[in-house]
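Here the structure comes first, spelled out in structure tokens, and everything after it is commentary.
Number of protein chains: 2
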Amino acid sequence: MTRQPYAPLPFTEVAMTGPFWRERLETVLTRTIPSQHAKLKEAGILDSLKLPKPVPPLSIPRNKHNFTTQIFWDSDVGKWIEAASYALSHRRDADIEAKIDAIVDDLARAQSPDGYLNCWYNGREPERRWTNLRDNHELYNAGHLLEGAIAYFRATGRRRFLDLMERYLDHIAATFGRGHGQKRGYPGHQEIELALVKLYRLTGDRRRLDLAAYFIDERGRQPHYFTQEAVARGDDPAAFWAGTYEYNQSHMPVREQTKMVGHAVRAMYMASAMADLALELDDAGLKRACEALWRDVTTAQMYVTAGLGPKESNEGFTEPYDLPNETAYAETCASVALVFWAQRMLHLDLDGAYADTIERALYNGALSGLSREGTHYFYANPLESRGQHPRWAWHVCPCCTMNVSRLVASVGGYFLSRSDDGVAIHLYGGFSASPTIQGKRVTIEETSDYPWSGDIRIAVDPETPTTFELKLRVPGWAKSAIATINGRPIALAPARGYATIAREWRAGDVVALDLPMPAERLYAHPDVRTDVGRVALRRGPLIYCVEEADNPGGPVQRLTLPREAPITVERASGFAGATTLKAPAKALASADGDALYSTRPPAARDATLTALPYFLWANRQPGSMEVWIAESVA
Amino acid sequence: MTRQPYAPLPFTEVAMTGPFWRERLETVLTRTIPSQHAKLKEAGILDSLKLPKPVPPLSIPRNKHNFTTQIFWDSDVGKWIEAASYALSHRRDADIEAKIDAIVDDLARAQSPDGYLNCWYNGREPERRWTNLRDNHELYNAGHLLEGAIAYFRATGRRRFLDLMERYLDHIAATFGRGHGQKRGYPGHQEIELALVKLYRLTGDRRRLDLAAYFIDERGRQPHYFTQEAVARGDDPAAFWAGTYEYNQSHMPVREQTKMVGHAVRAMYMASAMADLALELDDAGLKRACEALWRDVTTAQMYVTAGLGPKESNEGFTEPYDLPNETAYAETCASVALVFWAQRMLHLDLDGAYADTIERALYNGALSGLSREGTHYFYANPLESRGQHPRWAWHVCPCCTMNVSRLVASVGGYFLSRSDDGVAIHLYGGFSASPTIQGKRVTIEETSDYPWSGDIRIAVDPETPTTFELKLRVPGWAKSAIATINGRPIALAPARGYATIAREWRAGDVVALDLPMPAERLYAHPDVRTDVGRVALRRGPLIYCVEEADNPGGPVQRLTLPREAPITVERASGFAGATTLKAPAKALASADGDALYSTRPPAARDATLTALPYFLWANRQPGSMEVWIAESVA
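The listed protein sequences correspond, in order, to chains A and B. Per the working numbering, residue 1011 is the first one in the first sequence, and the count goes up by one each step. Per the working numbering, residue 1011 is the first one in the second sequence, and the count goes up by one each step.
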């Protein structure tokens, strides 16, 4: 396996300058992240860290399996610290830092002398630590705390939290592994693997990478650890509440897996870690496994919004082409994690198909999880509604809230990559960055009104004239991209999604890239039975939906769209400055009064259909919505 | 309110002579009912009656609310006795009678000295009787036992079971009511009301009718009995697991209810009892309430198969036009109970619309609950499947199994009604009956291959020439019915669904009724969002479906039907001798390889679509199925 020479430029080195992301970023920095701290306090999550006697929350909700989300409250804290630290990387904030330091104080007090750190176990049942990796999220919590510690260190240089986590990791590494006296366990909910690779990249400590590799490779081996662990607890392993180890992707060794199964977020975190390890260890076998899983997800199990996991009961995957719209689970976290995975795949293999998926997940399934004003959320992201899906201000399991805030707060990290002799731009939307190429600092300023417009200007400004490759992603949806350099047309010949411009770049060079964004119809593979006879609308990277707020007069499901109807793009005319789509459509009306069934087809009256970007839905009054619109019958 | 002069002819006076019902009836009598006894034994249900020490079953399944179905096992026994007794009315059987007598022995031993009879409470927690009417089904069980006792008495003349139930009813009547010291309770699950009316009709004991009327009228009054009862138990009434009293239709007094809500079977039993009482008490208020609920159900909440209740969690209703197909609950019991209700409405008001619904429910949503060979069942009756819906041999809650067997075993009771000066025929399919009209015995023989053919011959043979009205139902679907008498055409002028022929009838008179049965397309009201752009097929009383067994080569959801495609009727050529429908259709295929989403619409290849009556689905290999077929897009 040839290592891909491109590595992402960290978001800390990418200033977001375009209107779209500036607005989302400001919202997240000024409203979302502060309000999440208040919610963590309100929900009792912060107080749960105050050992030795944590303040008991008013109530601990338990699900039908007698499972409480409190078992993973540590992870919510870790994820908030991560998101807040990303915010600090944009601008320091003494108040936020004091809040984080106070949490770290609590964590330091909660840590056991041997390094173990889990506030639930230490506060409630310390003797039962490490007895139920399958269900109880200790390693998952450790992973999110570690990500928080890394992010806080990177943002502030303060290493107390990180040191504390290093001690915990020493304990974990001593506890788990293939050595004598060690448990051959691994996480029930994957996450720590990703965090360990991040730590390795920060410190170079190879033990952390090895531990990640151990967790990934041990997963699903026989004899099955979760079975042995259940027996050791005195539980019947066959009584596993989820019914199957597919739920946590431990049904077989990960390298043998070719179908994505089970809980979608666990699956995405696992796949992301597999891709990380494939890269760091130059492991062609892991890369092949990732590619097989990628093919399965993207050709048979992904909503058009890049939502993943249709089913609520396992929060996850079911079977190929099973993509119901109204009952779609499509957890925000899963689309966020798909962004993580797709970015890692892209850096194993610079193929625009991966970047297309980053973009699809980012602008649709992930961003839909956060309200316009930044303090309301979706956990599930259905593609159809009759109005029964209001956004909520918090959730008993608040994982998605901080997943979306950490993604937006670090979004610049997905925009471009550098190698020793080139720059690859993956996403557009306005940024400024100055990577070092061939030893020279090259300032790149991308200016655009993306995703509303595909009219993109890229100013390249090396400190001295420098020859390098500029790779520009030409999105899969952009059928007739054209470009100029300093006003002179150039031939764009994109290969695998990237047009490469190799030349000596000089100060003042400007590439103008035009990605025409007509409104387009999308059709699902006909095995997606829910979408037969239906069409979705896309413009650029955005999937659209029809929402009752723009289409008053009844459920939007009564609107049908003739296949040949022209679709008009209305620039920045819609809600929240969004570009909307309009088309002459038909509104069905009963041809037979209030008869529920009739031999007469419904009357089809002329109407106008207005579509809004999906990520903006449910920000106004409740009402019906659909992404897949019935096509008109002749 | 003018009493409707027509009363149903009991099934014991109607011989089923046509091929369709003879076959179903034979299957139920010879296979279904005997096998159900074996299953009741196997499941521990029969042993649970053996007090004082009932044999504990191997396991008592409990749902997430810690509720066990064992609490209503008495009802399953009652319902089996009812079905078996109907079988005995067709032909006596010493073995079956011995089995019933053995059960009655157990019940007699289980009965408390004060008449109380509930095997769960008497066997396990006698001190808690009558403390939780909301959840624990004591009155429901009593109702089904009473129906069994009435049926057994009618079939055999043996009154031991009936006497025992009369003692129990005396106890119930003493316990519940508005008198001093009585509990103002009523059933959490309605049923006993129906049974009490049946008993009143058998014995003329007015107290039984009064008790039924009390239960119906007390329901939903304030202060709310279930709330008071919960407080008395020490439970928090607000913690009611179902969340709302709509679940059991006690959210308001029944006469004020205009929307059908909650658990569908409870709702149907309640409505049936309301109609019974409206008739027996000449109660125009109750009739109006029934009519409002009827309108709501049939114009907004009924599947095209006459399935009721889309949602699993409440086994019931949701909101107008919410009729998802693949996840339809549509419990068999609910369609069976809709037959009960519709028949009662018909006898409040001889309107063919009610008979149309009897027929729709009988031939579709109810009959689909029983397999072809008579020993496998559906509890839920989805209108679409990807093949994940096999029939099962039994169910943890076996209510539906015996509901369908008792319906089929007594199906003749829905075919015709008599009044002092007329006969009304509601259903066709081959029967012979000799009601007394004007004091004369009139033999009526209806001969047909219905529902496969609408070619119907009715021989009228009075013992002496007699003038009376023969009312023939002209189904709502029969657009161009014609008839002759003794070969001479007559003008049929159906009013409210019935054509009335008043004449002096003589031996040898023959009416030939021709109900043409072209295949028809049905469209749902456009507010049924799931069915927009879709069409269902009907022929005569049968709703059709497309099943993979007849349409191999992929999921049937890939087939689309052009709106103008001619539909051919193939007589008795299909599975199980069924008339099938065929149409030139389109089979969609990906136009873009394995791409999940594409800007190119799927290719539409010529194909043939074969449709089978819905009630016959899932009798061959598992596969996909749908009732609502996507119409082809131009």
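Glycine included, every Cβ here is placed at the ideal spot set by N, Cα and C.
Contact set for residue i: own chain, Cβ-Cβ below 6 Å, skip 5 residues either direction
{"i": "R1573 (chain B)", "result": "E1641"}
{"i": "K1269 (chain B)", "result": "D1306"}
{"i": "R1630 (chain A)", "result": "A1559"}
{"i": "L1480 (chain A)", "result": "V1433 and I1511"}
{"i": "R1539 (chain A)", "result": "none"}
{"i": "R1610 (chain B)", "result": "A1601 and D1602"}
{"i": "E1473 (chain B)", "result": "K1450 and R1451"}
{"i": "A1205 (chain A)", "result": "G1153, L1156 and E1157"}
{"i": "S1095 (chain B)", "result": "A1161, Y1162 and A1165"}
Residue i, buried or exposed, once every other Cβ within 10 Å from all chains shown has been counted against 16
{"i": "W1251 (chain A)", "result": "exposed"}
{"i": "A1403 (chain B)", "result": "exposed"}
{"i": "R1549 (chain A)", "result": "buried"}
{"i": "V1241 (chain A)", "result": "exposed"}
{"i": "H1190 (chain B)", "result": "exposed"}
{"i": "Q1192 (chain B)", "result": "exposed"}
{"i": "R1615 (chain B)", "result": "exposed"}
{"i": "S1458 (chain A)", "result": "buried"}
{"i": "E1369 (chain B)", "result": "buried"}
{"i": "S1490 (chain A)", "result": "exposed"}
{"i": "Q1232 (chain B)", "result": "exposed"}
{"i": "Q1448 (chain A)", "result": "exposed"}
{"i": "S1583 (chain B)", "result": "exposed"}
Cut-off 7 Å between Cβ atoms - residues of its own chain near residue i, not counting five sequence neighbours on either side
{"i": "A1376 (chain B)", "result": "T1342, S1345, V1346, V1349, V1414 and L1417"}
{"i": "M1175 (chain B)", "result": "L1155, L1156 and A1159"}
{"i": "W1090 (chain B)", "result": "Q1046, H1047, L1050 and M1412"}
{"i": "A1310 (chain A)", "result": "P1330 and Y1331"}
{"i": "H1399 (chain A)", "result": "P1392 and A1628"}
Amino acids of chain B, ordered along the chain, whose beta-carbon sits closer than 8 Å to that of residue i
{"i": "T1570 (chain A)", "result": "V1542 and G1543"}
{"i": "R1530 (chain A)", "result": "Strictly speaking, residue 1530 (chain A) in this sequence is Glu, with Arg absent from that position. In chain order: T1609."}
{"i": "T1309 (chain A)", "result": "D1604, A1605 and L1606"}
Chain-ordered neighbours of residue i on chain B, where CB pairs are closer than 7 Å
{"i": "Y1178 (chain A)", "result": "None at all; the shortest Cβ gap to chain B is about 36 Å."}
{"i": "M1312 (chain A)", "result": "L1606"}
{"i": "L1567 (chain A)", "result": "Correcting the residue type first, residue 1567 (chain A) is Gln in the shown sequence and not Leu. By Cβ distance, chain B contributes R1539 and V1542."}
{"i": "S1600 (chain A)", "result": "H1535 and P1536"}
Closer than 8 Å at the beta carbon, the chain A residues around residue i
{"i": "V1643 (chain B)", "result": "G1543, R1573, E1641, S1642, V1643 and A1644"}
Contact set for residue i: own chain, Cβ-Cβ below 8 Å, skip 5 residues either direction
{"i": "D1366 (chain B)", "result": "P1485, G1486, W1487 and G1507"}
{"i": "E1322 (chain B)", "result": "T1337, Y1339 and A1390"}
Three-state secondary structure (DSSP) of residue i
{"i": "E1201 (chain B)", "result": "coil"}
{"i": "D1057 (chain A)", "result": "helix"}
{"i": "C1555 (chain A)", "result": "strand"}
{"i": "D1459 (chain A)", "result": "coil"}
{"i": "I1113 (chain B)", "result": "helix"}
{"i": "D1227 (chain A)", "result": "helix"}
{"i": "W1627 (chain A)", "result": "coil"}
{"i": "K1489 (chain B)", "result": "coil"}
Proximal residues of chain A, C-beta to C-beta of residue i below 7 Å
{"i": "P1612 (chain B)", "result": "Y1533 and P1536"}
Partners in chain A for residue i, counting only beta-carbon separations shorter than 9 Å
{"i": "D1332 (chain B)", "result": "R1396"}
The stretch 1506 to 1524 of chain A: which residues have C-beta closer than 8 Å to a C-beta of chain B, in chain order? The residues in question: there are none.
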